[in-house]
Amino acid sequence: MGQKTHPKGFRLITTQKHLSNWFGNKLNYPNLVEEDFLIRNKIEKEFNDFLSISKIEINRIAQEKESSEYVNIKIHALYPRIKTTAKKVSLYFKENSDLKKSLGLDETDENLKALTSLILKRIIRKIVRELQIQTNKNYYISINFIRNPFEDAALTARFIADQLENRTPFKRVIKQAIKKIKNTHIKGVKIQVSGRLNGIEIARTEWKRDGRVPLHTLKANIDYNYHTAQTMYGVIGIKVWLFSGD
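Each residue of the sequence shown is one higher than the one before, counting from 0 in numbering that gives the first Met the number 0.
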């Protein structure tokens, strides 16, 4: 008991692939790992207000010549909703009032998508410029939008964390998440929360499963993620397993 294996690490090369796809010799390998860590932290920090990021894939080409190295970064994130981005877009243009005057666009629902895409492009240019100055390498950043957050374990865990931070009872949150997941192509789901649930003094672990989640089968396509909710009673850990088929 207690000897548990990470679902993604257990299935590397079979159904899962590495988020960093490159090869480095023993001399520059530590520098490349440190650079990947820097890239992920910078992207998550800059896009924190506008995107819910699921994962970041990094692919390096021709790293033997550092001066001509090309780094391709692919961000998988939830498609920005108008309700959540409206306030953030207005705050952004208050800080950059000259930009809004030059565009001549009002903050209507029709223009919000255009304004949001403009902000995302400006953030991408800023990140690329800063990384090029720091590393002297060429960068290309693309965003792959996920339409349904309940088809992705990271976005599902973040949804549960947001609900728990808003003081919603954990049983209601788990039932609500499973109900929405059942409306997708996902064949099985398991959700586990642990900590001071509903503010009770003694911490405990609760979990609920619906459908098949074959964790011992290598060919099973399991999407797993872990997230934490910072509640007023303490930290609550959230684990989500999604089984999408063999």
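A virtual CB, placed ideally from N, CA and C, is assigned to each residue, including glycine.
Using alpha carbons as the reference points, say which of Asn147, Leu111, Gln15 and Ile57 lies closest to Lys179.
-> Stepping through the sequence shown from its first residue, residue 179 is reached at position 180. Distance check between Lys179 and each of Asn147, Leu111, Gln15 and Ile57 places Asn147 closest, using alpha-carbon atoms only.
Within 10 angstroms of the Cβ of Thr4, are there 16 or more other Cβ atoms? Answer buried if so, exposed if not.
-> If you number the sequence shown from 1, residue 4 lands on position 5. Counting every other CB atom within 10 Å of its CB across the protein chains shown gives Thr4 a total below 16, marking it as exposed.
Starting from the N-terminal side, write out each stretch of the alpha helix (DSSP H) that is 4 residues or longer and does not extend beyond the segment 124-192.
-> Listed in chain order, they are 152-164 and 169-180.
Go ahead and label Val239 buried or exposed: buried means 16 or more other beta carbons lie within 10 angstroms of its beta carbon, across all protein chains shown.
-> Counting from one through the sequence shown, the residue named residue 239 turns up at place 240. So Val239 ends up on the buried side.
Among residues of its own chain, excluding the 5 on either side of Thr13, which ones have a beta-carbon nearer than 6 Å to its beta-carbon?
-> Locating residue 13 in the sequence shown gives position 14, where the first residue counts as 1. Only Leu217 meet the Cβ criterion.
Say whether the segment 6-23 touches the segment 116-130, bearing in mind that this needs 3 or more beta-carbon pairs closer than 8 Å, one atom from each stretch.
-> The segment 6-23, when compared against the segment 116-130, does not touch it at the 8 Å Cβ threshold.
Alpha carbon to alpha carbon, how far is Asn137 from Ile38?
-> Position 138 of the sequence shown, counting from 1, holds the residue named residue 137. Position 39 of the sequence shown, counting from 1, holds the residue named residue 38. Distance between the alpha carbons of Asn137 and Ile38: 13 Å.
Measure the alpha-carbon distance for Asn143 versus Asn224 and round it to whole angstroms.
-> Taking the sequence shown and counting its residues from 1, the one referred to as residue 143 is at position 144. Taking the sequence shown and counting its residues from 1, the one referred to as residue 224 is at position 225. In a straight line, the C-alpha of Asn143 is about 19 Å away from that of Asn224.
Nearest-angstrom Cα separation, counted from Phe169 out to Met0 | The residue given as residue 0 occupies position 1 in the sequence shown. The residue given as residue 169 occupies position 170 in the sequence shown. In this prediction, Met0 scores a pLDDT of 45, lower than 50, which makes its location untrustworthy; no coordinate-derived value is stated.
Mind checking who Asp209 pairs with in its DSSP beta bridge?
-> Within the sequence shown, the letter at position 210 stands for residue 209. By DSSP's assignment, Asp209 forms a beta bridge with Val188.
Counted within 10 angstroms of its Cβ, other Cβ atoms place Val70 as buried (16 or more) or exposed | Position 71 of the sequence shown holds residue 70. The residue is buried, with at least 16 neighbouring Cβ atoms inside 10 Å.
How big is the Cα-Cα spacing for Glu200 and Thr167?
-> What you label residue 200 is simply residue 201 of the sequence shown in a count that begins at 1. What you label residue 167 is simply residue 168 of the sequence shown in a count that begins at 1. Answer to the nearest angstrom: the Cα atoms are 17 Å apart.
Endpoints, the beta strand (DSSP E) within which Tyr28 is located = What you label residue 28 is simply residue 29 of the sequence shown in a count that begins at 1. Counting along the chain, Tyr28 falls outside any beta strand (DSSP E), though it belongs to the alpha helix (DSSP H) covering Tyr28 to Glu45.
Below 9 Å between beta carbons: does that hold for Val192 and Ile237?
-> Counting from one through the sequence shown, the residue named residue 192 turns up at place 193. Counting from one through the sequence shown, the residue named residue 237 turns up at place 238. The answer is yes: Cβ separation under 9 Å.
Could you tell me which residues DSSP puts in a beta bridge with Leu114?
-> Here the question's residue 114 lines up with position 115 in the sequence shown. None; Leu114 has no bridge partner.
Any idea if Asp151 is buried or exposed, counting beta-carbon neighbours within 10 angstroms, 16 or more meaning buried?
-> One-based indexing of the sequence shown puts residue 151 at position 152. Of the other Cβ atoms in all chains shown, 16 or more fall within 10 Å of the Cβ of Asp151; this residue is therefore buried.
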